[in-house]
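Sequential numbering from 6 applies to the sequence shown in the working numbering.
Cβ atoms here follow ideal geometry from the backbone N, Cα and C, with glycine treated the same way.
Since we're looking at a predicted model, the values are computed, not measured.
To keep things clear, I will list the structure first and then write my remarks on it.
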Amino acid sequence: MANPDPRLYASEELNRRIIEAMHAGLVHVSADGTIQQANGEALRILGLTFDELTQRYTRDFEMDTIWEDGSSCPVADYPVTKALTTGQAQPPATIGVRRPDGDISWSIYTAVPVMAAGGEVTGAVVTLLDITERKRAEEVRRAL
6 MANPDPRLYA SEELNRRIIE AMHAGLVHVS ADGTIQQANG EALRILGLTF
56 DELTQRYTRD FEMDTIWEDG SSCPVADYPV TKALTTGQAQ PPATIGVRRP
106 DGDISWSIYT AVPVMAAGGE VTGAVVTLLD ITERKRAEEV RRAL
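Here it is in structure tokens:
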């Protein structure tokens, strides 16, 4: 086997470093909803290890997700599901996820499809911007 191109390796390494340095969670999901990759911030937000997260499908979170009004957020309404089914980038949506420790983390989710050269959707990239502290502060202000 030929030696890998050092420029390709350097580019991939740079991309990995950028993704890990982000202050937003980043998750790659395959076309069938299998969670493939996640950065450290996504793991922190969701309260899961890499192995715990990548052994799940997006639908596995349905029982633990809510909209801001407290109603259930069905998997069909997840930005990632819509990106996978429509092939279109999805606008931001605020969703709460119950973590394994029982706390709810609030994030603004967006999703963009990943397309093959032929135009078929092969997956999606999801961003999670953690707003949990902001939501807690709002609750405290309302209680005063």
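Asked: Backbone CA spacing between GLY75 and ASP10 [nearest angstrom]; Found: 51 Å
Asked: Inter-stretch contact at 8 Å, needing at least 3 Cβ pairs: the segment 98 to 109 / the segment 43 to 56; Found: yes
Asked: Alpha-carbon spacing of THR115 relative to THR99, whole angstroms; Found: 9 Å
Asked: For ARG139, the three-state DSSP class (helix, strand or coil); Found: helix
Asked: Contiguous beta strand (DSSP E) assignments of at least 3 residues, all confined to the segment 57 to 128; Found: 95 to 103, 109 to 120
Asked: Assigned exposure category for PHE149 - 16 Cβ within 10 Å defines buried; Found: With the sequence shown as reference, residue 149 is identified as Leu, and Phe is not the correct amino acid for it. Counting Cβ neighbours within 10 Å, LEU149 comes out exposed, since fewer than 16 surround it.
Asked: Pairwise C-alpha distance: GLU18 and GLU144; Found: 41 Å
Asked: Span separating the alpha-carbon of VAL119 from that of ALA142; Found: 36 Å
Asked: Delimiting residues of the alpha helix (DSSP H) encompassing LEU53; Found: Neither: LEU53 is in no alpha helix (DSSP H) and is coded neither H nor E.
Asked: Range covered by the beta strand (DSSP E) that runs through GLY38; Found: Segment: none, GLY38 is in no beta strand (DSSP E) and carries neither H nor E.
Asked: Check: GLU57 C-beta below 6 Å from any heavy atom of the ligand SAM; Found: This structure simply doesn't include the ligand SAM, nor any ligand for that matter.
Asked: Candidates ALA47, VAL32, ALA26: closest to ASP135 by CA position; Found: ALA47
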